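Numbering (mature numbering (1 follows the signal peptide of the UniProt record, and there is no 0)), first residue to last: -33 to -1, 1 to 264.
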Amino acid sequence: MKQRNKQKRILLLTAMLMFAFAFFRFNTIDAQAASKYTIYVNRKTNLVNVTDSRTGKLVKAMYCSTGKNYRTISGTYNTTAKYKWRALIHGVYGQYSTRIHGPYLFHSVPYYSVNKSKVSTKEYNKLGVQASAGCIRLAVTDAKWIYDNCRIGTKVVIGESRTLKKPARPKVKVSTKRKAWWDPTDPDTRNPYRPKLTLKKKGKRTIDYGSTFEIKDVLNVSSPYASASALLETLSVRGSVNTKKAGTYKVSCTITDPYTAVSVTKNFKFKVGKKPVNTTTEVKVPEKDSTQIKTQK
């Protein structure tokens, strides 16, 4: 009986040790994953920098709006939750929200309802200056980046002691003729600010064999913010067309608006015609008769 109880105690102790080891290992792995990035926020310059926690290298820079009169908390925290849409104070909503501490969140510029076409245009144009009640507002593209890439537990440092870099992407302003409209940086396919990528009306889908073909020459690109040349500088192409080989070629083209960071990808098919058949008949010229004809005097 005593032997049996002893065995039970040993088994119970072994199980407890295994559970403790698994719990410790899980939390260590989770902490390591969460610490991949560190987020820095400067309340004075209203900038956010995301760095690689291991190397300190800048990964992403963003404009933000922190709280008016420094209402945003300062200090070091770890994120605790994420929400695709989150109700905020004053009856508005934030898209791609990440909780920093207590009531303080990273989130988009406020929406009047859970509708992507209802962001406040007036508040959107305040990105880069203090404007919120305490949360940290971001353009949708940036709020979504944190939501997608920074796991729960990511370290957030808020304060003015660190000089942060501005993003390469310029700040975008929206018209305030409408009280509410789309965030230009929202990657949603319904966003009217998305760049456009089509074939020119004169862009041939059938290409002559052996002719010169440049994909940029047949594309028509446009955006409310970027010029056609700026958009074409971002063009990336998958696939190619060999004009010296007849057949059908699939080409995938992607452009990214340098102002909004929104990308558009379109797939096109081009057909290279057959090699022309040479139908010219060669005429054989008879050889000159070598017989000399004497002329009469």
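For glycine and all other residues, C-beta sits at the position ideal for the given N, C-alpha and C.
Treat the numbers as computed from the prediction; the structure is a model and nothing was measured.
{"Check": "Identified DSSP bridge partners for N45", "Outcome": "K122"}
{"Check": "CB contact check: V218 to chain D, cutoff 7 Å", "Outcome": "As a matter of chain content, chain D is missing from the structure shown, which is built from one protein chain."}
{"Check": "Coarse secondary structure for F(-10), derived from DSSP in three states", "Outcome": "Bear in mind that the predicted position of F(-10) carries a pLDDT of just 43, short of 50, making it unreliable; the figure below should be weighed with that in mind. It is helical."}
{"Check": "Within 7 Å, strictly: CB atoms of Y192 and G240", "Outcome": "no"}
{"Check": "Start-to-end residues for the beta strand (DSSP E) that takes in K217", "Outcome": "G214 to T223"}
{"Check": "Distance, C31 Cα to Y91 Cα", "Outcome": "10 Å"}
{"Check": "Neighbour-count burial assignment, K57, 16 or more Cβ in a 10 Å radius", "Outcome": "Per the sequence shown, residue 57 should be read as His rather than Lys. Exposed: under 16 other Cβ atoms inside 10 Å."}
{"Check": "Three-state secondary structure (DSSP) of Y192", "Outcome": "coil"}
{"Check": "Coil, strand or helix - L131 by DSSP", "Outcome": "coil"}
{"Check": "As assigned by DSSP and simplified to three states, the class of A147", "Outcome": "strand"}
{"Check": "Backbone secondary structure at N245 - three-state DSSP", "Outcome": "coil"}
{"Check": "Environment of V208 [buried if 16+ CB atoms lie within 10 Å]", "Outcome": "buried"}
{"Check": "Extent of the continuous beta strand (DSSP E) run through A28", "Outcome": "L25 to S32"}
{"Check": "Separation of L198 from V244, as counted between CA atoms", "Outcome": "40 Å"}
{"Check": "Inter-residue Cα distance where the pair is I40 and V8", "Outcome": "10 Å"}
{"Check": "Coarse secondary structure for T108, derived from DSSP in three states", "Outcome": "helix"}
{"Check": "The region 10 to 26 touching the region 46 to 60, judged by at least three CB pairs closer than 8 Å", "Outcome": "no"}
{"Check": "For T12 and L72, the rounded distance between their alpha carbons", "Outcome": "18 Å"}
{"Check": "Test item: CB-CB of L190 and P225 under 7 Å", "Outcome": "Leu is not the amino acid found at residue 190; the sequence shown has Ser there. No, these two residues do not count as a Cβ contact at 7 Å."}
{"Check": "When S84, S203 and L166 are compared against N187, the one with the closest alpha-carbon", "Outcome": "L166"}
{"Check": "K144 to W112 span [Cα, whole Å]", "Outcome": "29 Å"}
{"Check": "C-alpha distance - L55 paired with T201, whole-angstrom precision", "Outcome": "37 Å"}
{"Check": "Buried or exposed by the 16-neighbour rule on C-beta atoms within 10 Å, applied to S87", "Outcome": "buried"}
{"Check": "Boundaries (first-last residue) of the beta strand (DSSP E) holding T18", "Outcome": "L14 to D19"}
{"Check": "Outcome for residue 274 when other beta-carbon atoms lying within 10 angstroms are tallied against a minimum of 16", "Outcome": "Nothing can be reported for residue 274, as the shown portion of the chain is limited to -33 through 264."}
{"Check": "I103 beta carbon less than 7 Å from that of T33", "Outcome": "yes"}
{"Check": "Residues of its chain near E127, where Cβ-Cβ distance is below 7 Å and the 5 sequence neighbours each way are ignored", "Outcome": "N9, R10 and K11"}
{"Check": "For K89, the first and last residue of its enclosing alpha helix (DSSP H)", "Outcome": "T88 to Y91"}
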